[in-house]
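Keeping their order, the protein sequence lines are chains A and B.
Position in the first sequence (from 1) plus 12 gives the number in the numbering used here.
Position in the second sequence (from 1) plus 2 gives the number in the numbering used here.
We put the CB at the ideal spot given by N, CA and C, even for glycine.
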Amino acid sequence: MNTQHVVVQLLLILIPLIVISLMNEFGGQER
Amino acid sequence: MYAGHIAAGLAIKGYTAKAPTWALLTGVFVPDFLWIAFARMGIEPTRPDAFFDDWSHSLLMVVIWAALFAALFWRLGRTVMLAAWLAVFSHFLLDAPIHPKYLALYPHSSFHIGVVASHGQFALRNWFVECLVVLILSFVYARRAHRCGLRGNLIAATLVLAAGLQLLTLL
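Here's what the structure looks like:
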């Protein structure tokens, strides 16, 4: 597994992880 | 399995609002993070002829990694710890049916668990299995998140993202 492959794998996991976490934690409540 | 793990983390989040989302989504990928690290260190070769992931993905090791990960959240209480443990352990449950290699009971074990160990031959079938997993777990998340009062547009955005990630795996 080369460095480029590692970076792609990590980004594919980390980007949705951060985006979804931010939306769910700081998105606000309906009521 | 990729989007399926995210959907599992979200479903668990639906039942434990107290658990931080980032923790659950990190938890579901702990075996993969370890696999990447072990591969870089040469502990788990990724070449198809010598593929080995028992230290990151075997049943015993996932149970241990899950316990260690859950222990990080002891300050947040037992419920959060259990949710964190389940998040890591869900990785094994979801990988078992569609992993590139049968999952070992423990490192170097001769006993293996799994349904299909060949990605090439069953790639499309596996993709539809993952779709079904994402669909069911997303439904669980949406229902629970709505009940917890999370805004509808954020639930929808999360579901669209999960579905998009699943479609991404077709490329």
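Could you check what DSSP says for I45(B) in three-state terms: helix, strand or coil? coil
Which residues in chain A sit within 7 Å of D175(B), going by Cβ to Cβ distance? Not covered by the structure: residue 175(B). The range shown for chain B is 3 to 173.
Listed from N- to C-terminal order along the chain, which residues in the region 8 to 42 of chain B have their beta-carbon within a distance smaller than 8 Å of any beta-carbon of chain A? I8, L12, K15, P22, T23, W24, L27, T28, F31, D34, F35, I38, A41 and R42
Here's the rule I'm using: 16 or more other beta-carbon atoms within 10 Å means buried, otherwise exposed. How should G11(B) be labelled? Buried, by the Cβ-count rule.
Exposure of M50(B), with buried meaning 16 or more beta-carbon neighbours within 10 Å: Sequence inspection shows Pro at residue 50(B); the Met mentioned does not correspond to that position. P50(B) is exposed by the Cβ-count criterion.
Could you list the residues in the region 78 to 102 of chain B with a C-beta less than 7 Å from some C-beta on chain A, going in chain order? none
Please go through the same chain and pick out, in chain order, the residues whose beta-carbon is closer than 7 Å to the beta-carbon of L161(B), but skip the five residues on each side of it. S140 and A144
Thinking C-beta only, is F71(B) closer than 8 Å to A86(B)? yes
Using alpha carbons as the reference points, say which of T28(B), K20(B) and A21(B) lies closest to P28(A). The shortest C-alpha separation from P28(A) is found at T28(B).
For chain B, is any of its Cβ atoms less than 8 Å away from the one on Q16(A)? no
Terminal residues of the continuous alpha helix (DSSP H) containing P28(A)? P28(A) -> alpha helix (DSSP H) spans T15 to F38.
In three-state DSSP terms, what is A125(B)? helix
What does DSSP give as the partner residue(s) for A106(B) in the beta ladder? H114(B)
Output needed for A13(B): all residues of its chain with C-beta closer than 7 Å, excluding positions within five of it in sequence on either side, in chain order. Within the same chain, A13(B) has close Cβ partners L139, V142 and Y143.
Could you spell out where the alpha helix (DSSP H) holding K15(B) opens and where it closes? A5 to Y17
Using 8 Å as the cut-off, can you tell me whether the region 74 to 90 of chain B makes contact with the region 14 to 28 of chain B, which would need three or more C-beta pairs spanning the two stretches below that distance? yes
Cβ-based neighbour list, A67(B), same chain, cut-off 7 Å, excluding 5 preceding and 5 following: The amino acid occupying residue 67(B) in the given sequence is Trp; Ala does not appear at that position. Around W67(B): V32, P33, L36 and V90.
Under a Cβ-count criterion, where at least 16 other Cβ atoms within 10 Å of its own Cβ denotes burial, should R75(B) be classed as buried or exposed? Before going further, note that residue 75(B) is Phe rather than Arg in the sequence given. By the 10 Å Cβ count, F75(B) comes out buried.
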